[in-house]
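Participant: Residues 84 to 175 in our numbering are what the sequence shown spells out, letter by letter.
Each residue gets a CB set at the ideal place from its N, CA and C atoms; glycine is no exception.
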Amino acid sequence: MTDPDLIDPIRRAQREQERAAAEKRRGTGATLALIGTLGWLIVLPPLAGLFLGRWLDRTGDGRFWTLSLLFTGVFVGCWAAWRRIDEGHHDD
84 MTDPDLIDPI
94 RRAQREQERA
104 AAEKRRGTGA
114 TLALIGTLGW
124 LIVLPPLAGL
134 FLGRWLDRTG
144 DGRFWTLSLL
154 FTGVFVGCWA
164 AWRRIDEGHH
174 DD
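(1) Here's the rule I'm using: 16 or more other beta-carbon atoms within 10 Å means buried, otherwise exposed. How should residue 164 be labelled?
(2) Taking the C-alpha atoms as reference points, what is the distance between residue 160 and residue 127?
(3) Where does residue 149 fall in DSSP's three states?
(4) In this structure, how does DSSP classify residue 114 when only helix, strand and coil are distinguished?
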């Protein structure tokens, strides 16, 4: 006494998951999680560098630490994102 209207979509979804696993594709949820992770990896290091640089520059007259640590944060964030993408590629 199963309802074919209920069973057919479940079977289609299961076949799609099996096909994606066989083709080693990411699911929608995994792709969205990766995008969110990349966003945080790119944004947080420059912000940390900016705030740390501003704190260090309060004692002096210049902007040396702010600019230096901001650019370092951009570099570190992009490097971390690149590593995460490369790591995900090798997981497939």
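Facilitator: Inspection of the coordinates gives the following:
(1) In the sequence shown, residue 164 corresponds to position 81, counting from 1. Answer is buried; the Cβ neighbour count reaches 16.
(2) Numbered from 1 along the sequence shown, position 77 holds the residue referred to as residue 160. Numbered from 1 along the sequence shown, position 44 holds the residue referred to as residue 127. Those two C-alpha atoms are separated by around 7 Å.
(3) Locating residue 149 in the sequence shown gives position 66, where the first residue counts as 1. DSSP places residue 149 in helix when its eight states are reduced to three.
(4) Your numbering for residue 114 matches position 31 in the sequence shown. Of the three classes helix, strand and coil, the one that applies to residue 114 here is helix, per DSSP.
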